[in-house]
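Have a look at the structure below before the remarks.
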Amino acid sequence: MDTGKAFDITVIGCGGFIGSHLLDRLLSGGELRLCGIDLSSDKIAHHLDNDRFTFIRCDIHDREVVHRAIARSTTVVLLAALCNPSQYNTRTLDVIDVNCSGTIPLVRACAESGVRLVYFSTCEVYGRTTASLVGGDYSGRYLLREDESPFILGPVSALRWSYACAKQLIERVIDAFGREQGLEYTVVRPFNFIGSRMDFLPGIDGEGVPRVLACFLGALRDGTPLMLVDGGRNRRCFTAIGDAIDACVRILDRPDACRNRIFNIGNPANEITIADLAWLMADTWHRLVPQDSRPIALREVAGAEFYGQGYEDSDRRVPDIGKAQRYLGWQPSIGLDDAIEQAMAAAIDHYGPGPVQAKG
Ligand code: NAD
Ligand code: UGA
160 MDTGKAFDIT
170 VIGCGGFIGS
180 HLLDRLLSGG
190 ELRLCGIDLS
200 SDKIAHHLDN
210 DRFTFIRCDI
220 HDREVVHRAI
230 ARSTTVVLLA
240 ALCNPSQYNT
250 RTLDVIDVNC
260 SGTIPLVRAC
270 AESGVRLVYF
280 STCEVYGRTT
290 ASLVGGDYSG
300 RYLLREDESP
310 FILGPVSALR
320 WSYACAKQLI
330 ERVIDAFGRE
340 QGLEYTVVRP
350 FNFIGSRMDF
360 LPGIDGEGVP
370 RVLACFLGAL
380 RDGTPLMLVD
390 GGRNRRCFTA
400 IGDAIDACVR
410 ILDRPDACRN
420 RIFNIGNPAN
430 EITIADLAWL
440 MADTWHRLVP
450 QDSRPIALRE
460 VAGAEFYGQG
470 YEDSDRRVPD
480 IGKAQRYLGW
490 QPSIGLDDAI
500 EQAMAAAIDH
510 YGPGPVQAKG
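Here the sequence shown is numbered in our numbering, starting from 160 and rising by one per residue.
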């Protein structure tokens with residue numbers, strides 16, 4: 160259908176982990192005309208020559224350029240964010256700005272131009288489980304539901320929650336634009352997507368502390384201990400990027416079913432403690448890099464020591480995906496072992512196995 164718009168979809172934050180995989184899928188066939196906006200194009204260099212893709216290198220705060228691209232689009236997918244936990248208590252103002260105040264003008268521009276918005280929020284909006292507050296077992300008190308579960312964050316001094324709080328507010332802003340000004344939107348709450356092109360390895364293609372998979376990978380390459388924050392007792396549901404992108408494409412393809420709805424996108428069958436994840440990654444490393452004979456060590460560290468003051472953590476995040484099953488017909492199919500192996504194999508392929516010590 161010819162909408163008279165220059166772009167079918169504009170992806171803001173297209174140069175990151177999720178954006179690069181979304182472009183791979185959307186540009187792999189069909190006739191969609193895409194625009195992408197980001198500060199960086201390192202992870203999408205393979206698309207820059209594609210006639211169906213227009214890349215604009217700019218900051219989301221460059222209103223004139225970004226708003227022009229939005230007005231020329233049928234749908235906007237908004238991924239731009241600072242979403243690395245090590246930034247939440249060290250760059251709190253930037254985190255609140257990029258994830259909320261700096262994003263509000265983009266939401267308004269979508270509403271004013273009649274453009275559909277697909278916004279990537281986070282499972283972190285749920286914070287902690289109610290079970291963690293009252294103690295005892297989790298029975299019946301941990302499954303997270305989009306339209307029922309409360310948001311449970313810590314006090315202002317627990318800076319970790321700045322990101323979750325910013326994402327909560329922008330979700331409410333988007334919903335209010337929907338109710339009061341007719342914005343057509345869909346909000347996605349991703350649960351720990353993993354795969355190739357995640358984050359960076361410190362000292363190689365970035366500085367600081369990346370998310371847990373890259374932390375453990377870096378340690379396995381370097382032969383240093385895998386650090387278990389607060390004993391690694393907290394749990395996550397890791398979701399393979401292939402399954403996640405399937406869900407995103409279904410959301411893009413079904414505007415009516417997804418109109419002004421929020422979706423958990425995650426794999427509840429892939430729950431694991433971070434300590435068990437460390438062992439799983441150690442075993443997978445030995446399988447993928449059999450020539451490495453160095454022993455693998457795990458070391459416990461306090462959250463405040465690892466991330467700095469103000470760090471707190473979600474204890475458990477298991478998505479109820481009933482809504483995604485019902486409205487999208489989506490069901491994740493990639494199990495944890497395969498998802499971890501795919502992500503690690505891709506990273507080893509990209510970075511090499513590091514300074515491994517040959518057996519014998
Ligand atoms: P990412 O960090 O890989 O990508 C974010 C992109 O935004 C980067 O390419 C970055 O350059 C760009 N960006 C940041 N600030 C910008 C600015 N001021 N102007 C222009 N571009 C800017 O993150 P990701 O993992 O791809 O996540 C994408 C979105 O999904 C984020 O909103 C994140 O909060 C959300 N999310 C991701 C996950 C996950 O599992 N990866 C989980 C929960 C939520
Ligand atoms: C992540 C990020 O906030 C976001 O990118 C995103 O919104 C969301 O969750 C998501 O991916 O769904 P979190 O899961 O806490 O938050 O981030 P990770 O860095 O992946 O940490 C996972 C767990 O591993 C945490 O308990 C952390 O303390 C622990 N960890 C991390 C370690 O034990 N050791 C490390 O070396 C690194």
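The C-beta atom is built at its ideal place from N, Cα and C for all residues, glycine as well. Model, not experiment: these values are computed from the prediction.
Is the region 286 to 297 close to the region 224 to 239, with three or more CB pairs under 8 Å? no
Give the secondary structure of C242 by DSSP, where H, G and I count as helix, E and B as strand, and everything else as coil. In the sequence shown, counting from the first residue as 1, residue 242 sits at position 83. Coil, per DSSP.
T289 to L303 span [Cα, whole Å]: Taking the sequence shown and counting its residues from 1, one reaches residue 289 at position 130. Taking the sequence shown and counting its residues from 1, one reaches residue 303 at position 144. The alpha-carbon atoms of T289 and L303 are separated by roughly 10 Å.
By the 10 Å Cβ neighbour count, where 16 or more other Cβ atoms means buried, how is H220 classified, buried or exposed? Within the sequence shown, residue 220 is the residue found at index 61, counting from 1. Result: exposed.
Where C269 sits in the DSSP three-state scheme: Residue numbering aside, residue 269 sits at position 110 when the sequence shown is read from its first letter. If DSSP states are grouped into helix, strand and coil, C269 belongs with the helices.
Tell whether a beta-carbon distance below 8 Å holds between M386 and R370. Position 227 of the sequence shown, counted from the start, is the residue given in the question as residue 386. Position 211 of the sequence shown, counted from the start, is the residue given in the question as residue 370. Not a contact, by the Cβ cut-off of 8 Å.
Determine the contact status of I196 and T169, defining contact as a CB-CB distance below 8 Å. Here the question's residue 196 lines up with position 37 in the sequence shown. Here the question's residue 169 lines up with position 10 in the sequence shown. In contact: I196 and T169 (Cβ atoms closer than 8 Å).
Taking C-beta to C-beta, are C396 and P478 nearer than 8 Å? Taking the sequence shown and counting its residues from 1, one reaches residue 396 at position 237. Taking the sequence shown and counting its residues from 1, one reaches residue 478 at position 319. Yes.
For the candidate residues S260, V408 and D451, whose alpha-carbon lies nearest to that of A239? Within the sequence shown, numbered from 1, the residue matching residue 239 stands at position 80. That would be S260, whose Cα lies nearest to the Cα of A239.
Expressed to the nearest angstrom, what Euclidean distance is found between the alpha-carbon atoms of S200 and C194? On the sequence shown, position 41 is the one that residue 200 refers to. On the sequence shown, position 35 is the one that residue 194 refers to. Each residue's alpha carbon lies about 13 Å from the other.
Distance between E305 and G511 (C-alpha atoms, nearest Å): The sequence position of residue 511 within the sequence shown is 352, counting from 1. The sequence position of residue 305 within the sequence shown is 146, counting from 1. So the two alpha carbons sit approximately 40 Å from each other.
Under the criterion of a Cβ to heavy atom distance below 7 Å, does L387 qualify as lining the ligand UGA? Within the sequence shown, numbered from 1, the residue matching residue 387 stands at position 228. Yes; taking the cut-off as 7 Å, the Cβ of L387 has a heavy atom of the ligand UGA nearer than that.
Inspect the CB distances between the region 262 to 271 and the region 442 to 452 and report whether three or more fall short of 8 Å. no
For C417, is the beta carbon positioned less than 7 Å from some heavy atom of the ligand NAD? Numbered from 1 along the sequence shown, position 258 holds the residue referred to as residue 417. No, Cβ of C417 sits at least 7 Å from all heavy atoms of the ligand NAD.
Compare the beta carbon distance of P349 and G469 with 8 Å and say whether it is the shorter of the two. As a position in the sequence shown, residue 349 is number 190, starting the count at 1. As a position in the sequence shown, residue 469 is number 310, starting the count at 1. In this structure, G469 does not lie closer than 8 Å to P349 by Cβ.
Cutting at 7 Å between CB atoms, please list the residues of its own chain near R476, excluding the five before and the five after it. The residue labelled residue 476 in the question sits at position 317 within the sequence shown. Hits under 7 Å: C282, Y285, L303, F350, R395 and C396.
Taking contact to mean 3 or more Cβ pairs, one atom from each stretch, closer than 8 Å, check whether the region 452 to 460 and the region 306 to 326 are in contact. no
Rounded separation between D405 and R392 - CA only: Within the sequence shown, residue 405 is the residue found at index 246, counting from 1. Within the sequence shown, residue 392 is the residue found at index 233, counting from 1. Rounded to whole angstroms, D405 to R392 spans 30 Å at the Cα level.
Spell out a yes or no on whether the region 246 to 255 and the region 173 to 185 are touching, meaning 3 or more CB-CB pairs, one atom from each, closer than 8 Å. no
State the Cα-Cα distance for the pair A441 and A373, rounded to the nearest angstrom. Taking the sequence shown and counting its residues from 1, one reaches residue 441 at position 282. Taking the sequence shown and counting its residues from 1, one reaches residue 373 at position 214. Distance between the alpha carbons of A441 and A373: 13 Å.
Any chance you could list the beta strand (DSSP E) runs of at least 3 consecutive residues sitting entirely within the region 384 to 423, in chain order? 385 to 388 and 394 to 396
Please report the residue range of the alpha helix (DSSP H) in which Y322 lies. Residue 322 sits at position 163 when you count from the first residue of the sequence shown. First-last of the alpha helix (DSSP H) with Y322: S321 to Q340.
Where G363 falls, given that 16 or more other Cβ within 10 Å makes a residue buried: Locating residue 363 in the sequence shown gives position 204, where the first residue counts as 1. Residue identity check: residue 363 is Ile in the sequence provided, not Gly. In summary, I363 is exposed, with fewer than 16 beta-carbon neighbours lying within 10 Å of its beta-carbon over all protein chains present.
In or out: R331 buried (at least 16 other Cβ within 10 Å) or exposed? By one-based count along the sequence shown, residue 331 stands at place 172. Burial is judged here by how many other beta carbons sit within 10 angstroms of a residue's own beta carbon; R331 has fewer than 16 and is exposed.
Who are the Cβ neighbours of Q327 in its own chain at under 6 Å, not counting the five residues just before and after it? For this step, residue 327 is matched to residue 168 along the sequence shown. Within the same chain, Q327 has close Cβ partners V284 and F310.
When you compare only the Cα positions, how much space is there between F214 and L241? As a first step, residue 214 is located in the sequence shown; it is residue number 55 there, counting from the start. As a first step, residue 241 is located in the sequence shown; it is residue number 82 there, counting from the start. Using only the alpha carbons, I get a separation of about 20 Å.
Proximity below 8 Å, CB of R192 to CB of R216: Here residue 192 refers to the residue found at position 33 when the sequence shown is read from its first residue. Here residue 216 refers to the residue found at position 57 when the sequence shown is read from its first residue. Not a contact, by the Cβ cut-off of 8 Å.
Residue interval of the beta strand (DSSP E) (run including L276): Residue numbering aside, residue 276 sits at position 117 when the sequence shown is read from its first letter. That run of the beta strand (DSSP E) goes R275 to F279.
Helix, strand or coil at S291 [DSSP, three-state]: Residue mapping note: residue 291 aligns to position 132 of the sequence shown, counting from 1. Here S291 sits in helix by DSSP.
Helix, strand or coil at D167 according to DSSP, with G and I counted as helix: Your numbering for residue 167 matches position 8 in the sequence shown. Strand.
Candidates K164, L342 and W444: which alpha carbon is nearest M503's? Against the sequence shown, residue 503 aligns to sequence position 344. Comparing Cα positions, the closest option is W444.
Closest by CA to T234, which one among P414, W489, H205 and D435? For this step, residue 234 is matched to residue 75 along the sequence shown. T234 has its Cα closest to that of P414, out of P414, W489, H205 and D435.
With hydrogens ignored, establish whether the beta-carbon of H283 is closer than 7 Å to any heavy atom of the ligand UGA. Position 124 of the sequence shown, counting from 1, holds the residue named residue 283. As written in the sequence, residue 283 is Glu, which differs from the His given in the question. Yes, Cβ of E283 sits closer than 7 Å to a heavy atom of the ligand UGA.
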